[in-house]
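Student: I have a structure here, written as structure tokens, and I will follow up with some questions on it.
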Amino acid sequence: MKIAFIGLGVMGKPMAKNLLKAGHQLFVYARKAAVLEEMKAAGAAVCASASDTVRDVDLVITMLPNSPNVKSVMLEDDRLAEKMPRTAAYIDCSSINPAASREIAARLAEYGIDMLDAPVSGGEPKAVDGTLAFMVGGKEEVFNRFRPVLEAMGSSVVRCGEVGAGNVTKLCNQTIVAVNIAALAEALQMGQMFGAEPQKIFDAVKGGLAGSTVMNAKAPMMMDQDFRPGFRIDLHIKDLNNVVEAARAVDAPIPLTQSVLEMMKVLHHDGDGGCDHSALLRYYQKLSGETLHR
Ligand code: NAD
């Protein structure tokens, strides 16, 4: 399949490389010359602009930071919605506000172009391994047509509903992860202050009801004070701000999300925005004046 891929950052670059490995023909554009060189060496056709990538493709994929970036590329600045072939489809893998996904899909529908919103969970290592989890919104027949393309980049591909449902699910995912990490930080810090060893708490708890993927991944990072990302606090703030915006639109109560968002904002203002989201522990360390250890 001929695919235009826009947004070759931490996630997009390895995802695009997996599409090349699966035998797809890729047309790419990036702002950084080094990224274009790397993609050319991997077998992609390098284009001079985003518009040039979509001239003669079956599919356009974007992996951009947030709603304004996707709108800029598709509707406002590069206007790929107008320029892409009417026979092609569009898949946005960015984590954005579901309302923006629906807005872009409605504009594409005016040209008869189908769209899937297909954000991912998993981070850079899973993007490299091709084992991302895709949460997809869009028509069932469009999903079935492009499922093999997503399977070249992920090991779990689930259709969650119509357009926007992918990003709704991703926002739920981001709330669950954020609140989980905060609960873990709160409990480990509290346990240590009660005189228990954090490692023993982790060992005893992880096999029970409170155990989780979040706990297995983040408890060791917290005990080692190793906050190299991973998933950056600033990106999680972006997602939780999207949760707040989306929740306001339907009047959904989100007291836990709001609390964790405030904690993350404190960390951002203290210069920790580039740290892994497990650095939520630092919020508790600042309040208690105590550092977590193993
Ligand atoms: P990133 O900032 O590394 O990459 C975004 C890329 O988009 C950059 O290379 C940037 O130059 C490019 N870009 C922005 N505007 C552009 C434009 N107009 N034209 C062409 N290129 C443009 O971000 P990322 O970490 O790859 O994240 C991408 C999306 O995936 C985000 O929505 C993020 O929330 C989501 N996500 C990230 C992770 C993670 O662990 N990093 C995990 C799951 C989901």
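Under our numbering, the residue at position 4 of the sequence shown is numbered 17, and the numbers go up by one with no gaps. C-beta: ideal position from N, C-alpha, C; glycine also. Bear in mind the structure is a predicted one, so any value in this text is a computation, not a measurement.
1. According to DSSP, which residues form a beta bridge with R160?
2. Near G94, what residues of its chain come up, given a Cβ to Cβ distance below 6 Å and the 5 sequence neighbours on each side ignored?
3. Give the DSSP bridge partners of D105, in chain order.
4. If you scan the segment 36 to 85 from start to end, which runs of the beta strand (DSSP E) of 3 or more residues do you find wholly inside it?
5. Look up I117 in the DSSP assignment and say whether it is helix, strand or coil.
6. Using DSSP with H/G/I as helix, E/B as strand and the rest coil, what is L184?
7. As a quick exercise: from T270, T304, D247, pick the residue whose alpha carbon is nearest that of D283.
8. Under 7 Å: does the beta carbon of P161 sit that close to some heavy atom of the ligand NAD?
9. Within 10 angstroms of the Cβ of Y124, are there 16 or more other Cβ atoms? Answer buried if so, exposed if not.
10. Hey, could you find the ends of the beta strand (DSSP E) F215 is sitting in?
11. Helix, strand or coil: which one does DSSP assign to A265?
12. Does V263 pass the burial test, meaning 16 or more other C-beta atoms within 10 Å, or should it be called exposed?
13. By Cβ distance, which residues of its chain are closer than 7 Å to K231, with the 5 residues on each side in sequence left out?
14. Can you give me the Cβ contacts of D69 inside the same chain, cut-off strictly under 8 Å, excluding the 5 residues immediately before and after it?
15. Given a cut-off of 8 Å on the beta-carbon distance, is the pair A165 and D127 in contact?
16. Can the beta-carbon of E210 be found less than 8 Å from the beta-carbon of Y297?
17. Check for me: the beta strand (DSSP E) holding K15 runs from which residue to which?
18. Can you say whether F207 is buried or exposed, counting buried as having 16 or more other CB atoms within 10 angstroms of its CB?
19. Under the assumption that M148 contacts M76 (Cβ atoms under 8 Å), give the Cβ distance between them as a whole number of angstroms.
20. Determine the DSSP secondary structure at S168, reduced to helix, strand or coil.
21. If you follow the beta strand (DSSP E) that M148 is part of, which residue opens it and which one closes it?
22. So, T270 versus V190, is the Cβ gap smaller than 8 Å?
Tutor: So, to answer that:
1. Its beta-bridge partners do not exist; DSSP assigns none.
2. For clarity, residue 94 is Ala in the given sequence; the question names Gly instead. Closer than 6 Å at Cβ, skipping near neighbours: M87, L88, R120, L121.
3. Assignment of beta-bridge partners to D105 by DSSP yields T75, D130.
4. 38 to 42, 72 to 75
5. helix
6. Here L184 sits in helix by DSSP.
7. D247
8. no
9. Answer is exposed; the Cβ neighbour count stays below 16.
10. In the DSSP assignment, F215 falls outside any beta strand (DSSP E) and lies within the alpha helix (DSSP H) extending over 211 to 218.
11. coil
12. exposed
13. I194, L197, S291
14. K15, P98
15. no
16. no
17. 15 to 19
18. With fewer than 16 other CB atoms across the displayed protein chains lying within 10 angstroms of its CB, F207 is exposed.
19. With a Cβ gap of about 14 Å, M148 and M76 do not count as contacting.
20. In the structure shown, S168 sits in a strand (DSSP, three-state: E or B).
21. Following the DSSP letters along the chain, one finds M148 inside the beta strand (DSSP E) bounded by residues 145 to 150.
22. no
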